[in-house]
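Our numbering applies: residue 2 is where the sequence shown begins, and numbers increase by one.
Just so you know, even glycine gets a beta-carbon here, dropped at the ideal spot from N, CA and C.
Below: one structure, written as structure tokens.
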Amino acid sequence: MKTLLSYLRYRRLLLVYHLAATGLILLMFYLLRQEMLYAFYTAGLLSAMLFAILLIDFGRFCGKHHALSELIDRLPAAADRLPAPGNAIECAYDELLGQVCRSEKQLSEQLNRARTDTLDYYTLWVHQIKTPIAAMRLVLDAADSQQSAVLHRELFEIERYADLALRYVKLSDIASDLVIETAPILPTVRESVKKFGLPVIYRRISVTIEEMDAVVTTDRRWLGFILEQLLSNAVKYTKTGGITIGWREDALFIEDTGIGIRKEDLPRIFEKGYTGYNGRIDTRASGIGLYLVRRTANALAIRVAVESEVGRGTRVTLRFPKGNEFAAHS
């Protein structure tokens, strides 16, 4: 029905012309005092001919409309499969669309090259900066002093921020970097916790990993990245007590006894650059970590939920998709 109304609007001038011509014929016969029956025969014959022509034309219109509708989501790749233009105006539109598609393709290629160059640069930068970091760590290992311990912690932060920069760039095309597999989650949890050994010792807090035999479908490296960001926040804002990681009710949880998050801040903690009240306490907070957690979790079809109470701590829950759910998400 929608297509028919669209076609009638498209041919409205022809229909108006036909009605005017038919009315004029009837008026001429009436004024000339001719037999009106012949006038009605003539008008009926013209209307029948017009109906037949419009019926054929409507069929072509529907075919072309359907073909164009099928190609809308496939442009510009399917630009060469557009229906052949039927008149000069359609030829002009076809040429205009061709130019737009070519321009879009060139722009897309330029953006892809720029992104590749940026990714290559950050990858090289991260690998290069790890060399002086490793050298500094060796020097600090040889020095047994309280000051070297402080520098060790700062080196840890530098290395983590370097990795964060690389992950930030890779997130723009995370789909091409994913390696999805079904595997136990415990090794990934332990590997992530191990990286925070130095900050945990310095803060004198405990980290408890409960036994879990859960198996999840995900990308292990990117899941490790999510866990590291959550652990970083948990360690940073926990002064006494500790952190517990476990599996309950088909979900992984990370719970700390830290300072907690204000109720009014909770809805916005995943926004880019938002630091909230805790960010004003810690001037080094960037508001990027949890933003990247949400983006990465969305790519992995992981549902993230946060519960927190000021002065009592925070609990982050990660709920993973089943195998078929992840396939549907992809």
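Can Val-190 be considered in contact with the ligand SAH, in the sense that its beta carbon sits closer than 7 Å to one or more heavy atoms?
-> The model depicted lacks the ligand SAH and carries no ligand whatsoever.
Kindly indicate which three-state DSSP category Thr-23 falls into: helix, strand or coil?
-> helix
Which listed residue (Leu-28, Ala-306 and Asp-58) has its alpha carbon closest to that of Leu-319 = Ala-306
With 16 other CB atoms within 10 Å as the buried threshold, where does Tyr-11 fall?
-> In summary, Tyr-11 is exposed, with fewer than 16 beta-carbon neighbours lying within 10 Å of its beta-carbon over all protein chains present.
Just tell me which of Val-311, Met-50 and Leu-56 has its CA closest to the CA of Leu-9.
-> Leu-56
Give the range of the alpha helix (DSSP H) segment to which Phe-41 is assigned.
-> 37-72 is the extent of the alpha helix (DSSP H) around Phe-41.
Nearest to Thr-119 (by Cα), restricted to the options Lys-131, Leu-167 and Glu-160 | Of Lys-131, Leu-167 and Glu-160, the residue nearest in Cα terms is Leu-167.
Short Cβ contact (8 Å threshold) for Met-213 with Gly-247 | Gly-247 is positioned such that its CB atom lies closer than 8 Å to that of Met-213.
Which of helix, strand or coil DSSP assigns to Leu-33 | coil
Following the continuous alpha helix (DSSP H) through Leu-165, name the residue where it begins and the one where it ends.
-> 147-171
What is the residue span of the alpha helix (DSSP H) that Gly-392 lies within?
-> Because the chain in this structure spans residues 2 to 331, residue 392 falls outside the shown range and cannot be described.
Residues in its own chain within less than 6 Å of Pro-86 by CB, not counting five upstream and five downstream?
-> Cys-92 and Asp-95
Hey, Lys-195 and Glu-160: beta-carbon distance below 8 Å or not?
-> no
Would you give the residue range spanned by the beta strand (DSSP E) that Val-216 belongs to?
-> Residues 216-219.
Pairwise C-alpha distance: Gly-261 and Tyr-203 | Distance between the alpha carbons of Tyr-203 and Gly-261: 20 Å.
Check the DSSP bridge columns for Val-317 and list the partner residues they point to.
-> Ile-255 and Val-307
Ile-270 - DSSP class collapsed to helix/strand/coil | coil
Write down the C-beta distance between Ser-173 and Arg-222 rounded to the nearest angstrom, noting that I regard them as a contact closer than 8 Å.
-> That belief does not hold up - the Cβ atoms of Ser-173 and Arg-222 are roughly 17 Å apart, past 8 Å.
With C-beta atoms as the reference, is Ile-255 less than 8 Å away from Val-317?
-> yes
DSSP beta-bridge partners for Glu-182?
-> Thr-219
Assuming Tyr-238 and Gly-259 form a contact by the criterion Cβ under 8 Å, report the distance between their Cβ atoms to the nearest whole angstrom.
-> Contact flag correct, Cβ pair sits at about 4 Å.
Taking all protein chains shown into account, do 16 or more other C-beta atoms lie within 10 angstroms of the C-beta of Ile-90, making it buried, or fewer, making it exposed?
-> exposed
Other residues of its chain near Thr-124: CB distance less than 7 Å, five sequence neighbours each side excluded | Leu-167
Measure the alpha-carbon distance for Leu-232 versus Glu-155 and round it to whole angstroms.
-> Straight-line Cα distance between these residues: approximately 17 Å.
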